[in-house]
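Right, one structure below, let's go through it.
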Ligand code: MN
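Residue numbers (the working numbering): 2 to 245.
Structure follows, in structure tokens:
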């Protein structure tokens with residue numbers, strides 16, 4: 002199996018080093034990741050300037066690694082061009098969860114999405130960060146189990162995986178869409194000028210069976226996602242009520 006690994010935290014993140022190490026038990030791994038952090042860039046692509054890549058062996062012993070002056074989606078486009086035989090793209094392990102509505106902003110997930118758009122299987126992997134950095138050694142058995150599970154079949158799929166700090170098992174989940182936690186908080190800079198932070202607020206506990214619920218209850222959450230965003234129910238309704 003040929004595996005391409007990227008992330009949105011940048012190539013120097015400990016999360017991508019951990020993922021590369023674990024994934025190399027399953028096949029030949031190449032790392033191609035942004036040279037600086039690109040979190041919350043979503044599915045942005047660079048079209049107004051060229052992309053370039055440089056070798057980056059730091060933290061990737063024996064694994065070919067490249068850093069790119071672009072977004073996570075750029076890395077996957079470029080990586081799958083240079084490594085045309087890629088079987089699967091893994092993105093992460095992101096330092097921070099990508100649950101519920103935060104999937105819309107996530108650069109981690111966008112990289113996996115870009116893979117599927119290009120006809121390659123895509124898996125995004127994330128874990129929350131508390132006061133201390135994630136313990137990737139402790140998570141490793143669950144990362145390995147999750148990858149083994151997702152590699153069992155060859156379907157072209159898009160998966161969003163989130164690891165709690167101390168997993169007790171794995172659950173298949175659906176995306177939680179009930180609440181949105183993004184909000185603007187005003188502040189004042191040292192010069193007395195007003196500025197604004199886009200931040201997240203704590204949410205109520207999530208509904209059972211969702212990705213947020215699973216991680217809140219110490220389960221690894223695996224959500225299969227689709228690219229077709231069409232609201233089938235609404236489409237039927239508008240066709241009926243507003244024939245054109
Ligand atoms: Mn990130």
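Don't be surprised by glycine CBs; every beta carbon is placed ideally from N, CA and C.
{"Asked": "Measuring alpha carbon to alpha carbon, tell me which of 234, 239, 227 ends up nearest residue 116.", "Found": "227"}
{"Asked": "Run through the stretch 152-194 for me and flag every whole beta strand (DSSP E) of 3 or more residues, listed as ranges in chain order.", "Found": "159-163, 170-173, 183-189"}
{"Asked": "State the CB to CB distance for the pair residue 32 and residue 17, rounded to an integer number of angstroms; the pair is presumed to be in contact (CB under 8 Å).", "Found": "7 Å"}
{"Asked": "Closest by CA to residue 167, which one among 118, 218, 210, 236?", "Found": "218"}
{"Asked": "Let me check you understand the geometry: is the CB of residue 161 closer than 8 Å to at least one non-hydrogen atom of ligand 1?", "Found": "no"}
{"Asked": "Comparing alpha-carbon positions, which option in 106, 101, 205, 152 lies nearest residue 224?", "Found": "101"}
{"Asked": "Nearest by alpha-carbon distance to residue 51: which of 28, 76, 62 is it?", "Found": "76"}
{"Asked": "For ligand 1, which residues have a Cβ under 5 Å from at least one heavy atom, in chain order?", "Found": "9, 10, 40, 95"}
{"Asked": "Among 40, 142, 134, whose alpha-carbon lies nearest the alpha-carbon of residue 92?", "Found": "40"}
{"Asked": "Based on DSSP bridge pairs, tell me the residues matched to residue 61.", "Found": "Answer is none; residue 61 lacks a bridge partner."}
{"Asked": "Just reading off the beta strand (DSSP E) that residue 2 is part of, what are its end residues?", "Found": "Here residue 2 belongs to no beta strand (DSSP E), and DSSP marks it neither H nor E."}
{"Asked": "Which whole-angstrom value is the C-beta distance of residue 155 and residue 126, which I expect to be below 8 Å?", "Found": "With 8 Å as the limit, residue 155 and residue 126 do not qualify as a contact, their Cβ atoms being about 19 Å apart."}
{"Asked": "Note down the Cα distance separating residue 199 from residue 68, rounded to an integer number of angstroms.", "Found": "28 Å"}
{"Asked": "Take residue 15 as the anchor and find which of 82, 88, 133, 42 has the nearest alpha-carbon.", "Found": "133"}
{"Asked": "Measuring only the C-alpha atoms, how far is residue 176 from residue 135?", "Found": "23 Å"}
{"Asked": "Among 186, 182, 191, which has the Cα closest to the Cα of residue 205?", "Found": "182"}
{"Asked": "Whose C-beta lies closer than 7 Å to the C-beta of residue 147 among residues of the same chain, with five residues either side of it excluded?", "Found": "162, 171, 221, 223"}
{"Asked": "For a test of the three-state rule: what should DSSP assign to residue 223, helix, strand or coil?", "Found": "strand"}
{"Asked": "For residue 131, count neighbouring C-beta atoms within 10 Å of its own C-beta (all shown protein chains included) and say buried if the count is 16 or more, exposed if not.", "Found": "exposed"}
{"Asked": "Looking only at C-alpha atoms, which of 57, 46, 111 sits nearest to residue 8?", "Found": "111"}
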